[in-house]
Each structure stands twice: as C-alpha cells, then as structure tokens.
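Working notes, beginning with the structure itself.
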Amino acid sequence: MYPKASYVCPGFGNDPAHLAYDVDGVQADHRKPVAVHWNETGRMTTQHQRETWDTEYTNLVAMCPYHNRKKGSESNEYEHQTGPGFEGPL
Ligand SMILES: [Zn+2]
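Residue numbers (my numbering): 1 to 90.
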C-alpha cells in the first residue's frame, strides 16, 4: 500500500520509476509528446480537437516536476507549417 498523497512517477531516461509525493508537486505528462502529436495531426486540426487531445486522460500520466522538466519535448522539433484543416489560433 502506498502512503496517502503519493503516486508513482514513471521516471525518465535511465532514472527508474519512483514513489513521489503530491506535496513535492505532480504534473500531467503526455505519453505521446505534444510536439509529436502536433507534427503528425495537430497542425491539421481545429483548436477544439487539439484541446480534446490535450486533456485525453489515456494519454496522460502523473510525473514529478523534475522528470517532466527533464523529459521536456524529448528533442522533438515542432513543424512550423500548419496543414490543411488547421483552425487557429496559433
Ligand atoms: Zn520522477
């Protein structure tokens, strides 16, 4: 059993999963990085579709602030051009 107000951060890179505490911060991390989603489909969708994806719980995992910062965008570059079907704002 885990203590109250704790969660398992999946870690990142060579850092293994670990027990983390809410008081130290908890952030929602996108399993599929936002930059990858943007490049694949997001840049060709409406704002509403992007917001729906952004809050889809099956793509979110609790992560400690340290590992979320370390993960960042995983070196994925954003495609700067929008595609057909894009509806702003940018
Ligand atoms: Zn962590």
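Virtual Cβ for every residue (Gly too), placed ideally from N, Cα, C.
Quick one: using the 10 Å Cβ neighbour count with 16 as the cut-off for buried, is residue i buried or exposed?
i, result
"H30", "buried"
With respect to 7 angstroms, is the separation between the Cβ of residue i and the closest non-hydrogen atom of ligand 1 below this value?
i, result
"M44", "no"
"Y66", "yes"
"G11", "yes"
"H30", "no"
"A5", "no"
"H18", "yes"
Give me, in chain order, the residues of the same chain whose beta-carbon lies closer than 8 angstroms to that of residue i; leave out the 5 immediate sequence neighbours on both sides.
i, result
"V23", "A5"
Does the distance from the CB of residue i to the CB of residue j come in under 8 angstroms?
i, j, result
"V61", "P16", "no"
"Y129", "A28", "Residue 129 lies beyond the range of the chain shown here (1 to 90); nothing can be said about it."
"F12", "R43", "no"
Leaving aside the five residues before and after residue i along the sequence, list all residues of the same chain whose C-beta is less than 6 angstroms from its C-beta, in chain order.
i, result
"A35", "S73, N76 and Y78"
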